[in-house]
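Counted from 1, the sequence shown has number 111 at position 111 by this note's numbering; the numbering is strictly sequential. Okay, so here's the structure we're looking at.
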Amino acid sequence: MLRIDSNLIWIIVNLLIFYFLIRKFLFKPVLNIIEKRKQMVAEQFEKADTVNAEALELKTQYEASLHGAKEEAVQIVADARERADVQYKQIVSDAEKRSEALLEKTNQDMEKERDRALQSVQKEISTLAMAAAIKIIGENSSKVTDEQLYNEFLSKTGDKHDSNNG
């Protein structure tokens, strides 16, 4: 039969006790440290993911803001151009109206001046005609006298007309 030595039993009992002690005082703390380390690493990965998500969200907001700013800048430039164009057209229109008014006034002034000159010439002609008629009535009528009066009338009216133009 098999014989079991008492030392063998004590060795087995010592090994079992040693196993439980090592398990309790060595393996459990080491396993707890490993578990805590896993949790800490998992939390750090979670924080990193959260920070990455926040950074991505901020990047998206920044890009949207930048895009909005670009659109706003384009709109501001377009509005400024439109206002400038309207102002330009208004200035040109005002200038055209002023020039038309000035041209009209100048034409009216020229017409008045021409009318005054014509009236002056007509007065001179009538005065000369009256003077010629008085001379004709006062002198004897003859063909030579009529011709002289006519030539004198023409020379006087021609002189007056030339002096008005000069």
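Backbone N, C-alpha and C fix where the C-beta goes; we use that ideal spot for every residue, glycine too.
Cβ distance (whole Å) where residue i is taken to contact residue j below 8 Å
| i | j | result |
| --- | --- | --- |
| I247 | L149 | Residue 247 cannot be examined here, being either before or after the span of the chain that is shown, 1 to 166. |
| A132 | F153 | 5 Å |
Residues of its chain near residue i, where Cβ-Cβ distance is below 7 Å and the 5 sequence neighbours each way are ignored
| i | result |
| --- | --- |
| F20 | none |
| Q108 | none |
Residues near residue i in its chain [Cβ-Cβ closer than 8 Å; skip 5 each side]
| i | result |
| --- | --- |
| L15 | none |
| L102 | none |
| M110 | none |
Unbroken alpha helix (DSSP H) run spanning residue i, endpoints
| i | result |
| --- | --- |
| L15 | S6 to I22 |
6 Å Cβ shell around residue i - same chain, five flanking residues per side excluded
| i | result |
| --- | --- |
| K97 | none |
| W10 | none |
| N52 | none |
| L66 | none |
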